[in-house]
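Take a look at the structure set out below.
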Amino acid sequence: MVKLSVIVPFYNVQQYVPDTLRSLRANAREDFEFILVDDCSTDGTPEILARAERELPGAVHVRHEKNGGLATARNTGIDRARGTYLTFLDGDDWLAPGYYPRLVATMDELGCDFLRTDHVQCTARARTVHRVPHGRRNVVLRPRDAILPTHRTTSVDYAYAWAGVYHRRLVDRGLLHFTDGLRTAEDRPWIWKLHREAESFAVTSLLGVFYRRGVASSLTQIGDARQLDFIRAFDQVIEDTAQDAEAAALLPKAVRTYCAIISHHLGSIERFEAPVARKLKVMSAAALRRMPQDLLDDALASMDAERATRLRRLRRRAASGAEVAA
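The sequence shown begins at 2 in my numbering and counts up by one.
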């Protein structure tokens with residue numbers, strides 16, 4: 002029996018793969034498997050992973066013939082996983098020794114659908130601990146109760162898939178797969194779905210994942226069109242949440258978060274290639290028009306002046322453009 006399946010997508014990260022694999026070896030156990038998904042890398046990553054399949058206990062190497070993005074690579078791993086529990090790691094991050102055995106022991110003790118953990122963010126030589134924005138620890142709770150309040154950072158805003166572990170029954174219920182093809186913000190519809198539809202979760206103060214920031218090949222550092230997938234991701238959050246029985250309570254949170262993310266991207270628009278920057282403005286304006294307008298008004302009224310002004314300006318331009326077109 003496989004107790005834990007660890008799904009690790011890789012794409013052109015040969016510089017960091019050795020660190021990742023060493024940390025997996027320091028977490029190996031005879032009932033753990035490591036599903037190494039190469040998303041059609043074009044550097045030396047495939048050769049490193051082929052060796053790892055021979056040398057790393059529990060390693061399973063899967064290679065995509067076409068690059069599909071992080072969401073698709075994770076789905077490939079989910080479909081191959083055999084474990085009672087599943088978790089994720091990105092191919093340029095690493096783990097503390099013995100972290101996964103401690104994570105599994107905590108999951109065994111709590112018996113919930115999913116467990117969320119803190120992590121360490123690593124930028125160059127700086128190390129910063131990031132906590133799950135939820136105060137109650139090691140207590141099994143109902144996940145949808147952790148979505149609100151609207152105007153505070155909550156558990157659905159801590160969307161990192163690798164910051165936790167998930168019971169196989171979530172796969173059986175169709176709740177663990179990601180929206181295929183999303184190349185950024187893939188965790189957002191996923192974390193909202195888990196909180197709306199899973200029955201139980203818990204948060205634990207267990208540190209062991211080291212999240213590498215500032216990687217040149219990361220989509221968070223690249224200003225190309227793939228970044229715009231955040232709009233498709235948040236459109237899905239809005240659409241799915243609108244169908245929930247408690248939509249009236251939950252939608253304001255979804256709309257406000259969407260607005261905050263749009264404003265964030267507009268506020269750093271200089272990092273995008275010029276055609277992508279123009280497309281970002283057009284797509285963001287269209288997204289604002291699609292939102293429930295009363296909830297959009299409330300969201301803008303609750304935001305700080307800089308972000309609200311940025312979005313109101315875009316909204317006015319979109320409205321005047323629509324009038325001219327008509």
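The beta-carbon is built from N, C-alpha and C at its ideal position, and this holds for glycine as well.
The structure presented is a predicted model; accordingly, all values stated were derived computationally and were not measured.
- Please go through the stretch 220-306 and give each complete alpha helix (DSSP H) segment of 4 or more residues, from N-terminal end onward. Fully enclosed alpha helix (DSSP H) runs of 4 or longer: 230-243, 248-268, 275-291 and 294-303.
- Message: Are the CB atoms of Phe115 and Val166 within a distance shorter than 8 Å?
- Response: Mapped onto the sequence shown, residue 166 falls at position 165. Mapped onto the sequence shown, residue 115 falls at position 114. Going by beta carbons, Val166 and Phe115 fall inside the 8 Å limit.
- Check whether the stretch 52-72 touches the stretch 172-187, counting contact only when three or more Cβ pairs, one atom from each stretch, lie closer than 8 Å. Yes, the stretch 52-72 touches the stretch 172-187.
- Query: Using DSSP with H/G/I as helix, E/B as strand and the rest coil, what is Ala127?
  - Reply: On the sequence shown, position 126 is the one that residue 127 refers to. DSSP places Ala127 within a strand segment (E or B) once states are collapsed to three.
- Task: May I ask you to report which of helix, strand or coil DSSP gives His196?
- Result: Here residue 196 corresponds to residue number 195 of the sequence shown, with the count starting at 1. Helix.
- Taking the alpha-carbon positions, what's the Gln294 to Leu252 distance? Reading the sequence shown from its first residue, position 293 is the one you call residue 294. Reading the sequence shown from its first residue, position 251 is the one you call residue 252. So the alpha carbons of these two residues sit roughly 12 Å apart.
- Could you tell me the distance, in whole angstroms, from the CA atom of Ala82 to the CA atom of Asp225? Stepping through the sequence shown from its first residue, residue 82 is reached at position 81. Stepping through the sequence shown from its first residue, residue 225 is reached at position 224. Between the C-alpha atoms of Ala82 and Asp225 there is a straight-line separation of about 32 Å.
- For Ala201, the residue or residues it bridges with in DSSP: Position 200 of the sequence shown, counted from the start, is the residue given in the question as residue 201. Going by the sequence as given, residue 201 is Ser instead of Ala. DSSP lists no partner for Ser201.
- For Ala127, count neighbouring C-beta atoms within 10 Å of its own C-beta (all shown protein chains included) and say buried if the count is 16 or more, exposed if not. For the purposes of this step, residue 127 is identified with residue 126 of the sequence shown, where counting begins at 1. Around the CB of Ala127, fewer than 16 other CB atoms lie within 10 Å, so the residue is classed as exposed.
- Message: Under DSSP, the beta strand (DSSP E) around Tyr212 begins and ends at which residues?
- Response: As a working note, residue 212 is residue 211 in the sequence shown. Per DSSP, Tyr212 is one residue of the beta strand (DSSP E) stretching across Val210 to Arg214.
- Look at Val121 and Trp193 and say whether their C-beta atoms are less than 8 Å apart. Taking the first residue of the sequence shown as 1, we reach residue 121 at position 120. Taking the first residue of the sequence shown as 1, we reach residue 193 at position 192. The beta carbons of Val121 and Trp193 sit no closer together than 8 Å.
- Task: Can you tell me which of the three DSSP states Asp158 falls into?
- Result: To locate residue 158, count along the sequence shown from 1; it is residue 157. Residue state, collapsed to three classes: helix.
- Message: So, with DSSP's three-state summary, where would you put Val172?
- Response: Reading the sequence shown from its first residue, position 171 is the one you call residue 172. Taken through DSSP and simplified to helix, strand or coil, Val172 comes out as helix.
- Query: Which class does Asp39 belong to by DSSP, given the choice of helix, strand or coil?
  - Reply: Locating residue 39 in the sequence shown gives position 38, counting from the first residue. Judged by DSSP in its simplified three-state form, Asp39 adopts strand.
- Residues of its chain near Trp95, where Cβ-Cβ distance is below 6 Å and the 5 sequence neighbours each way are ignored: As a first step, residue 95 must be located in the sequence shown, where it is residue number 94. Excluding its 5 nearest sequence neighbours in each direction, Trp95 has C-beta neighbours in its own chain below 6 Å: Asp20, Thr21, Ser24 and Phe211, listed in chain order.
- Query: Residues in its own chain within less than 8 Å of Lys254 by CB, not counting five upstream and five downstream?
  - Reply: As a working note, residue 254 is residue 253 in the sequence shown. Listed in chain order, the non-local C-beta contacts of Lys254 below 8 Å within the same chain comprise Ile148, Leu149, Pro150, Thr151, Thr155 and Val157, local neighbours out to five positions each way being set aside.
- Query: First and last residue of the beta strand (DSSP E) that includes Thr46?
  - Reply: Residue numbering aside, residue 46 sits at position 45 when the sequence shown is read from its first letter. If you look at Thr46, you'll find it isn't in any beta strand (DSSP E); it sits in the alpha helix (DSSP H) that goes Thr46 to Glu56.
- Item | Beta-ladder partner(s) of Gln122, from DSSP | Within the sequence shown, the letter at position 121 stands for residue 122. Bridge partners of Gln122: Thr129 and Tyr212.
- Query: Whole-angstrom Cβ separation of Asn68 and Asp40, contact assumed at under 8 Å?
  - Reply: On the sequence shown, residue 68 is found 67 positions in, with the first residue counted as 1. On the sequence shown, residue 40 is found 39 positions in, with the first residue counted as 1. Indeed, because the Cβ distance is near 5 Å, the residues count as touching under 8 Å.
- Looking only at its own chain, which residues have a Cβ that is under 8 Å from the Cβ of Ile49, when we skip the five neighbours before and after it? Walking along the sequence shown from the start, residue 49 turns up at place 48. Same-chain partners within the cutoff: Gln15, Val18, Pro19 and Leu22.
- Going straight from the alpha carbon of Tyr101 to that of Pro58, what length do you get? Within the sequence shown, residue 101 is the residue found at index 100, counting from 1. Within the sequence shown, residue 58 is the residue found at index 57, counting from 1. A direct Cα-to-Cα measurement between Tyr101 and Pro58 gives close to 14 Å.
- Message: Starting from Ala60, trace the beta strand (DSSP E) in both directions and tell me its first and last residue.
- Response: Position 59 of the sequence shown holds residue 60. Per DSSP, Ala60 belongs to the beta strand (DSSP E) from Ala60 to Arg64.
- In angstroms with no decimal places, state the Cα-to-Cα distance between Glu110 and Arg26. Locating residue 110 in the sequence shown gives position 109, counting from the first residue. Locating residue 26 in the sequence shown gives position 25, counting from the first residue. Computed Cα separation, rounded: 24 Å.
- Query: Skipping 5 residues on each side, what residues in its chain have a beta carbon closer than 8 Å to that of Arg117?
  - Reply: Here residue 117 refers to the residue found at position 116 when the sequence shown is read from its first residue. Within the same chain, Arg117 has close Cβ partners Val133, His135, Ser156, Tyr159, Ala164, Gly165, Phe202, Ala203, Val204 and Thr205.
- Query: What first and last residue would you give for the alpha helix (DSSP H) that runs through Val105?
  - Reply: One-based indexing of the sequence shown puts residue 105 at position 104. Unbroken alpha helix (DSSP H) run through Val105: Tyr100 to Leu111.
- Query: Going along the chain, which residues of its own chain have a beta-carbon closer than 6 Å to the beta-carbon of Arg316, five neighbours each way excluded?
  - Reply: Numbered from 1 along the sequence shown, position 315 holds the residue referred to as residue 316. Apart from the 5 residues on each side of it in sequence, Arg316 sits with its Cβ closer than 6 Å to the Cβ of Leu289 in its chain, given in chain order.
- Item | Straight-line Cα distance separating Ala162 from Gly45 | Translated into positions along the sequence shown, residue 45 becomes position 44. Translated into positions along the sequence shown, residue 162 becomes position 161. Going by the C-alpha atoms only, they are around 26 Å apart.
- Under the three-state DSSP convention, the category Gln16 falls into: Counting from one through the sequence shown, the residue named residue 16 turns up at place 15. Residue state, collapsed to three classes: coil.
- Query: Per DSSP, which one or two residues make a beta bridge with Pro10?
  - Reply: For the purposes of this step, residue 10 is taken as residue 9 along the sequence shown, with counting starting at 1. DSSP output for Pro10 lists Val38 as bridge partner(s).
- Item | According to DSSP, residues forming a beta bridge with Trp191 | Translated into the one-based positions of the sequence shown, residue 191 becomes position 190. Under the DSSP definition of a beta bridge, Trp191 lacks any partner.
- Task: Just the C-alpha distance for Asp173 and Arg311, rounded to the nearest angstrom, thanks.
- Result: Within the sequence shown, the letter at position 172 stands for residue 173. Within the sequence shown, the letter at position 310 stands for residue 311. A straight-line Cα-Cα distance of about 43 Å links Asp173 and Arg311.
- Query: Residue range of the alpha helix (DSSP H) that Thr73 falls in?
  - Reply: Taking the first residue of the sequence shown as position 1, residue 73 is located at position 72. Where Thr73 is concerned, the enclosing alpha helix (DSSP H) stretches over Leu71 to Arg81.
- Query: In the DSSP assignment, what are the bridge partners of Thr88?
  - Reply: Against the sequence shown, residue 88 aligns to sequence position 87. Paired residue(s): Val7.
- Cross-strand partners of Val166 (DSSP beta bridge): On the sequence shown, position 165 is the one that residue 166 refers to. Leu116, per the DSSP bridge assignment.
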